[in-house]
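One structure is given here, and the rest of the page talks about it.
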């Protein structure tokens with residue numbers, strides 16, 4: 001395991017991006033950070049800038065004005081980066097699927113690693129999703145090593 | 150000034166302009182007015198009667214456009230909505246921004262989403278829509294059709 005990846009998995013710093021959501025998913029994400037759910041025990045901290053982040057957490061149905069900005073944020077992010085889509089809107093635009101302002105879902109714009117469904121998803125679901133993503137990467141690395149041997 | 154005095158003043162002053170007067174409830178009144186005397190009525194309600202301009206709202210129906218200008222008298226708890234009706238192919242009306250500065254952005258929004266032309270507006274340009282949105286396409290009109298060929302309108306699930 002490279003030192004970069006090891007550091008990423010030990011303490012993933014999360015950048016929270018709202019792409020035109022109703023703010024309910026955002027409130028649930030903030031709930032994760034409170035002492036009740038305490039996502040920091042997995043080393044997760046909200047980062048102020050995408051340049052410090054290891055995880056890009058997206059909420060909201062992607063609207064037209066947001067598309068170029070999402071692309072720019074994804075390009076600015078240090079690689080490797082994990083993209084997590086939170087909420088029904090990010091997954092498939094939910095009830096805004098026929099909206100004139102939401103032409104394509106998020107995973108047609110940037111590659112998405114983890115999908116967390118729900119409207120809004122519970123904080124437990126968000127934590128479970130991110131932990132699963134970390135375990136998935138760990139398993140991938142192990143498999144790759146074994147294949148090399 | 151109480152509720153009765155306000156209503157009588159408006160009724161007396163704009164006899165020819167008022168098409169319909171709906172006394173919906175103690176807190177709410179709708180007044181249908183002619184589009185050509187909108188500015189006079191708004192000026193009287195805003196400047197002389199000292200009402201507060203809440204917002205304006207626009208809708209496109211089968212008959213045409215309907216714009217409502219909502220004014221509230223906060224000490225009475227009364228809301229007066231001035232209702233103006235326009236035909237779809239004659240979507241032009243006097244702007245009230247010269248009288249009420251606060252109406253500037255809501256008129257810009259109605260201009261881009263419904264395609265209503267506000268005559269006399271000082272700065273009638275886009276407010277909310279994306280930069281690549283085509284000219285002459287108004288998303289909140291009843292006859293709006295999808296123009297973007299790259300858009301995806303299914304959830305990726307085949308039956």
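Residue numbers (the numbering used here), protein chains in the order written: chain A, 1 to 149; chain B, 150 to 308. Don't be surprised by glycine CBs; every beta carbon is placed ideally from N, CA and C. Owing to the predicted nature of the structure, the values given are computational and were not obtained by experimental measurement.
Exercise. So what's residue 85 of chain A in DSSP terms, helix, strand or just coil?
Worked result: strand
Exercise. Enumerated in chain order, which unbroken segments of the beta strand (DSSP E) with a length of 3 residues or greater are wholly contained in the stretch 58-146 of chain A?
Worked result: 82-86 and 114-116
Exercise. Taking the continuous alpha helix (DSSP H) assigned at residue 263 of chain B, which residues delimit it?
Worked result: 253-263
For this session: Would you tell me roughly how many angstroms separate the C-alpha atoms of residue 102 of chain A and residue 299 of chain B, rounded to the nearest one?
Result: For residue 102 of chain A and residue 299 of chain B, the gap between their C-alpha atoms comes out near 11 Å.
Exercise. On the premise that residue 12 of chain A lies in contact with residue 134 of chain A, defined as a C-beta separation below 8 Å, what is that separation, rounded to the nearest angstrom?
Worked result: 7 Å
Exercise. First and last residue of the beta strand (DSSP E) that includes residue 189 of chain B?
Worked result: That residue, residue 189 of chain B, is in no beta strand (DSSP E); its alpha helix (DSSP H) goes 187-192.
Exercise. Who are residue 104 of chain B's beta bridge partners in DSSP?
Worked result: Since the first and last residues shown for chain B are 150 and 308, residue 104 of chain B lies out of range.
Exercise. The alpha helix (DSSP H) with residue 158 of chain B in it runs from where to where?
Worked result: 152-162
Exercise. Which residue from A:63, A:74 and A:37 puts its Cα closest to that of residue 110 of chain A?
Worked result: A:74
Exercise. Got a sec: is the Cβ-Cβ distance from residue 105 of chain A to anything in chain B below 9 Å?
Worked result: Interface with chain B (9 Å Cβ-Cβ cutoff): residue 105 of chain A is included.
Exercise. How close, in whole Å, do the beta carbons of residue 201 of chain B and residue 221 of chain B come, if the pair is a contact with beta carbons under 8 Å?
Worked result: 5 Å
For this session: Say whether chain B places a C-beta atom closer than 9 Å to the C-beta of residue 64 of chain A.
Result: yes
Exercise. Can you list the residues of chain B that residue 92 of chain A reaches, using a CB-CB cut of under 7 Å?
Worked result: In chain order, 304 make up the part of chain B whose C-beta sits under 7 Å from the C-beta of residue 92 of chain A.
For this session: Identify, in the order they occur along the chain, each residue of the same chain with its Cβ nearer than 6 Å to the Cβ of residue 208 of chain B, setting aside the five sequence neighbours on each side.
Result: 215
Problem set entry | Where the alpha helix (DSSP H) containing residue 6 of chain A begins and where it ends | 3-10
For this session: Could you tell me which chain A residues have their CB closer than 7 Å to the CB of residue 300 of chain B, listed as they occur along the chain?
Result: 103 and 104
Exercise. Per the contact definition of three or more C-beta pairs closer than 8 Å, is the stretch 12-31 of chain A in contact with the stretch 56-65 of chain A?
Worked result: yes
Problem set entry | Identity of the residue in B:223, B:183, B:270 and B:211 nearest residue 217 of chain B by Cα | B:183
Exercise. In chain B, which residues lie with their C-beta within 8 Å of the C-beta of residue 108 of chain A?
Worked result: 301
Problem set entry | Three-state secondary structure assigned by DSSP to residue 33 of chain A | Residue state, collapsed to three classes: helix.
Exercise. Just curious, the beta strand (DSSP E) that residue 15 of chain A is in, first and last residue?
Worked result: 13-18
For this session: Kindly say whether residue 97 of chain A, judged by its beta-carbon, lies nearer than 9 Å to any beta-carbon of chain B.
Result: It does; some Cβ of chain B falls within 9 Å.
Exercise. What residues are listed by DSSP as bridge partners for residue 204 of chain B?
Worked result: B:219
Exercise. Could you give the distance in angstroms between the alpha-carbon of residue 273 of chain B and the alpha-carbon of residue 262 of chain B?
Worked result: 12 Å
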